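Top to bottom, those sequences are chains A and B. So for the first sequence, this note's numbering puts the first residue at 1312; every next one is plus one. So for the second sequence, this note's numbering puts the first residue at 2; every next one is plus one. Input: a single structure, listed below in structure tokens.
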Amino acid sequence: VTQKKLIIALAGNANVGKSVIFNYLTGLHQHIGNWPGKTVERAEGTLSFKGYTIDIVDLPGIYSLSTYSLEELVSRKYIAVERPDLVINVVDASVLERNLFFTLQLMELETPMIVALNQVDIAKRKGIEIDTEKLEQLLGVPVVQTVATKGIGISQLLEMAIKAIEKGQTTRREVRYGEEVEERIAKITETLQGIQFYYPRRYVAIKLLEGDEEIAREIAKLAPQAVNTAKELTGEIENLHGHACSTVITSERYEVAGRVARQAQKLVPPLKPTAEERLHNLTTHRIAGYLIMISSLLLIFYAIFTFGNYTSDLLSNLLNRLEPLSTNLFGTGIVGSLVWGGVAEGLIAGVTVALPYIIPFYIVLYFLEDSGYLSRIAFLMDNAMHKIGLHGKAFIPMMLGYGCNVPACLGCRIMETKRERTLAAFVTTLVPCAARTVIILGLVGRFIGIQWALVLYVFDLFVIFALGRLAFRVLPGEPSALIMEMSDYRRPDLKTVLKETWFRLAEFIKIAFPLIIVGSLVIKAADVFGLLNPVANLLSPVTVAWLGLPVITGITLIFGVLRKELSLILLAALLAPTGLQALTPVQMVVFTLVAMFYIPCVATISALVRELGGKKALFITLFEIAFAIILGGVALRVLTLFT
Amino acid sequence: MSSKGVEDYLKALYILSRNGEPISTTEIAEHFKIAPASVTEMLKKLAKKGYVKYSPYHGAHLTSKGFQVAEKIARKHRLLERFLHDVLRIREDKVHSEACEMEHALSDEAEESLCRFLKHPDLCPDDSKIIPACDLPFSTCEECVELHKKDFEESGRRQQIPVSISQLKKGERGKVSFIRGEHKVLQRLSDMGLTPGTEVTVVKSAPFHGPLEILVRGSRLALGRGMTEIIFVEAEKE
């Protein structure tokens, strides 16, 4: 029996539990990609239900369907052009009015839809009781109450969805504006008669009055008359109301949302602030908030690097036992050493960084994100980020960077403008990732003292700040200010956290792994053919004369381009039998400083190319090489003065 | 007493005021570098006209009538500073004294044209203070540009000049009445629920002039300073 296929899209504001519902519905049958030609993430999954194969598309979390951001435009076009069989609008019951503003816009798109009234548990704790039937009646759209984090109401939602599709939707109410606006909508709709367009006529009329550029451009090709009429009528409304027409329409739409919300909900605010409320107050407090932030971040870093160090050693010991196997298979000749030293060691190094450090780091981070804590950190850090021309949200990709710079660079997409994405990606490459932390702790921390490792961390923050400020000065443009919702704290959903972690890890594997392996192979080949020493000698004016390091560090720094921590491992091997102790403390500090900053690793460079383009990626790379060399030389001379 | 003298005093009280506490005679005397005795005399005169509330030993503060006049003068002053700095390219440290002289001669009509000509700036150039809103009845600057040719005397002027929400204190409320900014920002703010007439409550601000936490239509928003400085509200009186 061939199953019938359906497409259902999930749409709603950010932080309403949309992805939790998505995960519930699709389980492991999902994949994440980009919308064709856009840097907007597209999540898709499938499930089987009642003889249907249902394709679920998770649209980005947005607050409106205007053209403020690419996400909004992509979502609007998807719904209008691709015409999914049904849209499930996920609504946060605890912020009903603002969420209904979006619901009304979906209704105006005249798409078949149902509403998932989610987080009713949080709403109840805040003293908000919603009459589902009343809401259904007011909107003319089926409404199902859900608590996605506990799986409550999900199967009813799915049943309702199928029912709505099978029955066809006829009851949807029309969003009515004031008399003056309605008259003019009717006039424009008339001029649109007989035109074939993917948006409904009434929607086009409203959007033309709102001054929507995308739609005006498209309609100008089909019915230039309509655009002119709309312009005239817009002027009339502005004269009548004394306000811009788009403001009039948005206000009236919000008025409708407010009226529906007031009629459907009963408010009995609790006498005492809820636990979520108190936690919010504490974590955003002007003193306690910062103390909590700093201590929790320190604790997280400490725990992850202790755990990571231990498991990383364990793993590499385990995997290195495979060497005899490789030797047996491929021998110890050129092929053998290329297979083991190139491919296998590349793989091992990737695994020993990814599993012990990156995975736990991202699990913790997404745990914080899903609970709502990261938006509080963004609130606290907004001011500091402004000094480098960014706003608070940029702190989130920066924190990702402490795990691995690759997903962090991709994470800079949350910034609104191109200029801010560039700035954020640049400072992110200066954040010491797990691999660089391995060097800091393994060299300076181990042989000079942990307090000196901490000094280097603090110094790194200082460098980020200074270079961030410099970049802010160089890149023209005004910084945009923060507009961010701080939704209520909620219990994080484990599945969502694991899924996010998995996707970040997938990005790392997809981008970093192939580069690491190919790179290892190339350098191993150079080694086998005896090309490394000449190169090291070539670099000696920089490494020996200027930085005061042994000649062989030239080789290790080349390897470091692939993976930073490799430079340390290699250095230890090349300095045998004495090992790393052969270096003086000053040399250790200089080497670590250079390794921290001298270049984004190959995988990060490729992430930069993807996000910013080749030119900017090249510029950032060259700048950081020059900066690290200068910094290392200066550090050598300053430190020698004191010792 | 000249109107320039009155305006200068009111502006001084406006600048020196903090949280509505009275300002001492000595402080004002220091500001003008004159004897406290002449300050006392002047304050008494201003009190008679209803511009300030003055009580001996405590000091003086602005009445709402005085505040309106002072705000208008501060607006003219800071707009002029922007003009001198941005258009005439006069050095940052010199614009203040120039503007001090010119502000009294600038008519309201010229002030409004200047504001439009400068594309409704947010902050003054020398010490980054907020340029107060005007008393035209528009809810955005876009409207002002589009509609100012119409006779706005007919639609009336505002009774109360709106204040920026960054000037509201913790727990204070107001109704959004005017937003300064370009189209995209306006769109974004109104999509988040900040349409004209909406009630907002300031919950708290992050330290060191950080973002503001506000409640709008039941949702909790964090707004950076660049945003709060362009959103003007009619503050609610308790």
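We put the CB at the ideal spot given by N, CA and C, even for glycine. Keep in mind it's a predicted model, so treat the numbers as computed, not measured.
**Item:** Secondary structure of Y1379 of chain A, DSSP reduced to three states
**Value:** coil
**Prompt:** Do the region 1396-1408 of chain A and the region 1426-1438 of chain A touch if we need at least three Cβ pairs shorter than 8 Å?
**Reply:** yes
**Asked** With 8 Å set as the bound, which would you pick, yes or no: does the beta-carbon of E1408 of chain A sit closer than that to a beta-carbon of chain B?
**Response** So yes, E1408 of chain A belongs to the interface.
**Prompt:** In chain order, which continuous runs of the alpha helix (DSSP H) of length 4 or greater are located wholly inside the region 73-121 of chain B?
**Reply:** With a minimum length of 4 residues, the continuous alpha helix (DSSP H) runs that stay inside the region 73-121 of chain B are 96-103 and 109-118.
**Request:** Could you name the residues that DSSP lists as bridge partners for N1345 of chain A?
**Result:** A:E1352
**Request:** Using alpha carbons as the reference points, say which of A:L1860, A:T1954, A:C1744 and A:V1901 lies closest to C1912 of chain A.
**Result:** A:C1744
**Asked** From the beta carbon of P197 of chain B, is the nearest beta carbon of chain A less than 8 Å away?
**Response** So yes, P197 of chain B belongs to the interface.
**Message:** To the nearest angstrom, how far is the alpha carbon of R1528 of chain A from that of N1539 of chain A?
**Reply:** C-alpha separation (whole angstroms): 12 Å.
**Chain-ordered chain E contacts of D136 of chain B [CB-CB under 9 Å]** = Annotation note: the requested chain E is absent from the structure, which comprises protein chains A and B.
**Q161 of chain B: contacting residues in chain A (beta-carbon distance under 7 Å)** = Here the premise fails: no neighbours, minimum Cβ distance about 17 Å.
**Item:** Residue(s) in a DSSP beta bridge with L1411 of chain A
**Value:** Bridge partners of L1411 of chain A: none, in fact.
**Nearest-angstrom Cα separation, counted from T196 of chain B out to S1562 of chain A** = Whole-angstrom Cα-Cα distance: 6 Å.
**Proximity of L1933 of chain A and P1790 of chain A at Cβ, strictly below 8 Å** = Their beta carbons are not under 8 Å apart, which means L1933 of chain A does not touch P1790 of chain A by this criterion.
**Asked** Would you call Y1613 of chain A buried or exposed, if buried means 16 or more other Cβ atoms sit within 10 Å of its Cβ?
**Response** exposed
**Prompt:** Nearest-angstrom Cα distance between L1608 of chain A and G1714 of chain A?
**Reply:** 13 Å
**Request:** Alpha carbon to alpha carbon, how far is E1727 of chain A from S1380 of chain A? Give it in angstroms, no decimals.
**Result:** The straight-line gap from Cα to Cα measures roughly 8 Å.
**Prompt:** How about T1460 of chain A and Y1673 of chain A: do their beta carbons lie closer than 8 Å?
**Reply:** no
**Prompt:** With contact counted as at least three CB pairs below 8 Å, one residue from each stretch, are the region 1789-1807 of chain A and the region 217-231 of chain B in contact?
**Reply:** yes
**Prompt:** Hey, how far is the Cα of H1596 of chain A from the Cα of L187 of chain B?
**Reply:** If you draw a straight line from the Cα of H1596 of chain A to the Cα of L187 of chain B, it is about 29 Å long.
**Asked** What number of angstroms, rounded off, separates the C-alpha of V1351 of chain A from the C-alpha of P1845 of chain A?
**Response** Roughly 46 Å between the two C-alpha positions.
**Message:** Does T1482 of chain A come out as helix, strand or coil in the three-state DSSP assignment?
**Reply:** coil
**Message:** In the DSSP assignment, the alpha helix (DSSP H) including T1594 of chain A goes from what residue to what residue?
**Reply:** A1586 to T1594
**Request:** For F1641 of chain A, collect the residues of the same chain with a Cβ closer than 6 Å to its Cβ; drop the 5 residues on either side in sequence, then sort them by chain order.
**Result:** Here the set comprises G1647 and V1650.
**Prompt:** Are K1329 of chain A and D1369 of chain A touching if we call contact CB-CB under 8 Å?
**Reply:** Yes.
**Prompt:** Relative to the alpha-carbon of P133 of chain B, which residue among B:I166, B:S108 and B:V146 has its alpha-carbon at the smallest distance?
**Reply:** When the alpha-carbon of P133 of chain B is set against those of B:I166, B:S108 and B:V146, the nearest one is in B:I166.
**Message:** Let me see if you follow: with CB-CB separation under 8 Å, is M1710 of chain A close to chain B or not?
**Reply:** False, the Cβ-Cβ gap to chain B never drops below 8 Å.
**Message:** Please classify V1327 of chain A as buried or exposed, where buried requires at least 16 other C-beta atoms within 10 Å of its C-beta.
**Reply:** buried
**Asked** CA-CA distance, H1591 of chain A and S1798 of chain A?
**Response** 10 Å
**Request:** Just the C-alpha distance for V37 of chain B and Y58 of chain B, rounded to the nearest angstrom, thanks.
**Result:** Looking at the sequence itself, residue 37 of chain B is Pro, so the reference to Val does not match. Near 12 Å, if we compare the C-alpha coordinates of Y58 of chain B and P37 of chain B.
**Message:** Distance check for G1438 of chain A and E1382 of chain A, CA to CA, integer angstroms please.
**Reply:** 33 Å
**Prompt:** Is DSSP giving D1366 of chain A helix, strand or coil here?
**Reply:** strand
**Request:** Rank B:K176, B:M193, B:Q168 and B:E183 by C-alpha distance to the C-alpha of P212 of chain B and give the top, closest one.
**Result:** Closest option to P212 of chain B, Cα to Cα, is B:Q168.
**Prompt:** Is it the case that the CB of K1729 of chain A approaches a heavy atom of the ligand FMN more closely than 7 Å?
**Reply:** Absence of the ligand FMN from the depicted structure is noted, as is the absence of any ligand whatsoever, leaving it without description.
**Request:** Alpha carbon to alpha carbon, how far is F68 of chain B from R174 of chain B? Give it in angstroms, no decimals.
**Result:** 19 Å
**Prompt:** Does any C-beta atom of chain A lie closer than 8 Å to the C-beta of S191 of chain B?
**Reply:** yes
**Asked** Taking three-plus beta-carbon pairs below 8 Å as touching, is the region 1547-1554 of chain A in contact with the region 1499-1517 of chain A?
**Response** no
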